[in-house]
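Visitor: Here's a structure for you.
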Amino acid sequence: MRKLSVGVLGATGTIGQMFLSMLGSHPNFKVKCIAASKRSAGKRLRNLRVLYPICDEFLEMPIQDVETAKFDELDLVFSGLPSDVAGPVESRIAQTGTWVFSNAASHRMDRHAPILLPEVNASHIRVVERQATRGKIVTNSNCTTVGLVIALAPIKDLCERVHMVSYQALSGGGYPGVPSLDGLGNVMPYIEKEEPKVVQETRKMLGRERNGIIDDWDVEVTAQCARVPVRDGHLEAVSIDLTERTGAKEVKERMSSFRGEMKGMRLPTAPERPIIVMEEPDRPQPVLDVNAGEPERARGMSAVVGRVNVQGRKLMFYVLSHNVVRGGAGESILNAEYALAKGYLKKV
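According to the working numbering, the residues represented by the sequence shown are 42 to 389, in order.
Take a look at the structure:
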């Protein structure tokens, strides 16, 4: 069987380059074109700033202008475009019959576009059947939301109220990203639009799909987000008001045993353990744990939880996730693998 032909949009940016890094020798997908803004058109990645290991074939591909390139002969595209330009470009591509797996925020809150996280809400993919275009748009969440949602999934029935404080890596701001003098030796306690995204996306992702409609999770979620001088990895301090008394041991057991809705599917980018619980008092740490996940293709796809503590009816823990892998390119790739496995994408 042939591999599906794919394009990568926003190929010069942080997420776009991670797409290319992860798609080299992928068993199901073959990159046929890469595209970015007009100012990069005609150039090659080899002559630009390369952020992650990328195979020579992709480094030598000429970059196309995303506004004028033709994508209708591709099976799907992965979009790492900035949200301010992604919306109309992704809609145009979907109208041609090509599927779009997007990391951008533009379509996340569309009524019939899922924010897919297959271990948690695999059934949400059914809402794409209500999209009017021949090609469909599947989104993944904001890079901060994903770690929180994975950690909440096995204990969602215990949650009455959720509050999260994030310590977010500089790479979450994209490339070139945060100015060096703002980022070094500093903490910025505000990231534009981040906190509303976390709240809205968490409630949608943990909601219930019924007949092609997603009903939001009926739990109060609040967030405070800060940027810290770390390259990769978003660390989050989570505090939950519990619906009933429970112990830290039960919480850790639920998280450690969680395999989610893809159990047994063995998709290439799916980690064997979506959540890794650590007992050390000083973990997780970005420098030590950001690339957690097995097998090799799933490195960076596991969320790492530590310092689980229950006091009365208050649960507290830290969760770390790789914002460019699980919270970015890796999640889009996993979503496409899941869509293929469920028959939404066809190999002939």
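From the three backbone atoms N, C-alpha and C, an ideal C-beta is built for every residue, glycine too. From a predicted model like this one, the values you see are computed outputs, not experimental measurements.
Given this structure, state the Cα-to-Cα distance separating Leu222 from Ala52, to the nearest angstrom.
Guide: As a working note, residue 222 is residue 181 in the sequence shown. As a working note, residue 52 is residue 11 in the sequence shown. C-alpha separation (whole angstroms): 26 Å.
Visitor: In its own chain, which residues sit with a C-beta less than 6 Å from the C-beta of Glu372, not counting the 5 before and 5 after it?
Guide: The count along the sequence shown starts at 1 and reaches residue 372 at position 331. Same-chain partners within the cutoff: Asn181.
Visitor: Return the CA-CA distance between Leu386 and Pro159, expressed in angstroms with no decimal places.
Guide: What you label residue 386 is simply residue 345 of the sequence shown in a count that begins at 1. What you label residue 159 is simply residue 118 of the sequence shown in a count that begins at 1. Spanning the two alpha carbons is a distance of roughly 16 Å.
Visitor: Helix, strand or coil for Val168, going by three-state DSSP, please let me know.
Guide: By one-based count along the sequence shown, residue 168 stands at place 127. In the structure shown, Val168 sits in a helix (DSSP, three-state: H, G or I).
Visitor: Buried or exposed for Tyr231, please, with buried defined as at least 16 other CB atoms from any protein chain shown within 10 angstroms of its CB.
Guide: Walking along the sequence shown from the start, residue 231 turns up at place 190. Counting Cβ neighbours within 10 Å, Tyr231 comes out exposed, since fewer than 16 surround it.
Visitor: Mapping DSSP to helix, strand and coil, what is Phe70?
Guide: For the purposes of this step, residue 70 is identified with residue 29 of the sequence shown, where counting begins at 1. DSSP places Phe70 in strand when its eight states are reduced to three.
Visitor: For the beta strand (DSSP E) that Arg85 lies in, which residues bound it at each end?
Guide: Your numbering for residue 85 matches position 44 in the sequence shown. Element bounds for Arg85: n/a, residue is neither H nor E.
Visitor: Measure from the alpha carbon of Thr137 to the alpha carbon of each residue in Ser147, Leu117, Arg268, Ala382, then state which is nearest.
Guide: Counted from its first residue, the sequence shown places residue 137 at position 96. When each option's Cα is compared against that of Thr137, the closest is Leu117.
Visitor: Looking at the secondary structure, which residues open and close the alpha helix (DSSP H) in which Gly371 lies?
Guide: On the sequence shown, position 330 is the one that residue 371 refers to. First-last of the alpha helix (DSSP H) with Gly371: 371 to 382.
Visitor: Would you identify the three-state DSSP class for Gln103, choosing helix, strand or coil?
Guide: By 1-based counting over the sequence shown, the position of residue 103 is 62. In the sequence under discussion, the amino acid at residue 103 is Pro, which differs from the Gln named in the question. Pro103: strand per DSSP, three-state reduction.
Visitor: Start and end of the beta strand (DSSP E) containing Val345?
Guide: As a position in the sequence shown, residue 345 is number 304, starting the count at 1. Element bounds for Val345: 344 to 352.
Visitor: Span of the alpha helix (DSSP H) holding Leu188?
Guide: Numbered from its first residue, the sequence shown carries residue 188 at position 147. In the sequence under discussion, the amino acid at residue 188 is Gly, which differs from the Leu named in the question. Looking at the DSSP string, the run of the alpha helix (DSSP H) that includes Gly188 is 186 to 193.
Visitor: Just the C-alpha distance for Glu378 and Phe60, rounded to the nearest angstrom, thanks.
Guide: Against the sequence shown, residue 378 aligns to sequence position 337. Against the sequence shown, residue 60 aligns to sequence position 19. Roughly 14 Å between the two C-alpha positions.
Visitor: Per the DSSP calculation, Ile405 is bridged to which residue(s)?
Guide: The question about residue 405 has no answer, for the chain in this structure spans 42 to 389.
Visitor: Met357 lies in the beta strand (DSSP E); which residues open and close that run?
Guide: The residue given as residue 357 occupies position 316 in the sequence shown. Taken as a continuous stretch (DSSP letters only), the beta strand (DSSP E) holding Met357 covers 355 to 362.
Visitor: Between which two residues does the alpha helix (DSSP H) harbouring Phe60 extend?
Guide: Here the question's residue 60 lines up with position 19 in the sequence shown. Run containing Phe60: 55 to 64, per the alpha helix (DSSP H) assignment.
Visitor: Ignore the nearest five residues each way along the sequence and tell me which others in Lys44's own chain have a CB closer than 7 Å to its CB.
Guide: The count along the sequence shown starts at 1 and reaches residue 44 at position 3. So the list reads Asn69, Phe70, Lys71, once near-sequence residues are dropped.
Visitor: Less than 8 Å between the beta carbons of Ile104 and Ala82, yes or no?
Guide: Here residue 104 is taken as the residue at index 63 of the sequence shown, counted from 1. Here residue 82 is taken as the residue at index 41 of the sequence shown, counted from 1. Contact flag set, yes.
Visitor: Using 10 angstroms around the beta-carbon of Lys238, count the other beta-carbons present and answer buried if the total reaches 16, otherwise exposed.
Guide: Taking the first residue of the sequence shown as position 1, residue 238 is located at position 197. Looking at its Cβ environment, which holds 16 or more other Cβ atoms inside 10 Å, Lys238 is buried.
Visitor: Do you know whose CA, among Gly226, Met102, Thr243, lies nearest Ala76's CA?
Guide: In the sequence shown, counting from the first residue as 1, residue 76 sits at position 35. Out of Gly226, Met102, Thr243, Met102 has the C-alpha closest to the C-alpha of Ala76.
Visitor: Quick one: measure Cβ to Cβ for Ile281 and Ser297, integer angstroms, because I've assumed they're closer than 8 Å.
Guide: As a first step, residue 281 is located in the sequence shown; it is residue number 240 there, counting from the start. As a first step, residue 297 is located in the sequence shown; it is residue number 256 there, counting from the start. With 8 Å as the limit, Ile281 and Ser297 do not qualify as a contact, their Cβ atoms being about 17 Å apart.
Visitor: On the premise that Arg272 lies in contact with Ser212, defined as a C-beta separation below 8 Å, what is that separation, rounded to the nearest angstrom?
Guide: Here residue 212 corresponds to residue number 171 of the sequence shown, with the count starting at 1. Here residue 272 corresponds to residue number 231 of the sequence shown, with the count starting at 1. Confirmed, Cβ separation roughly 6 Å.
Visitor: So, using beta-carbon positions, are Glu321 and Gly347 closer together than 8 Å?
Guide: The sequence position of residue 321 within the sequence shown is 280, counting from 1. The sequence position of residue 347 within the sequence shown is 306, counting from 1. Yes, these two residues count as a Cβ contact at 8 Å.
Visitor: If I measure Cβ to Cβ from Ala146 and keep anything under 6 Å in the same chain, skipping five residues before and after, which residues do I get?
Guide: For this step, residue 146 is matched to residue 105 along the sequence shown. Closer than 6 Å at the Cβ level, and outside the excluded window around Ala146, lie Ser124.
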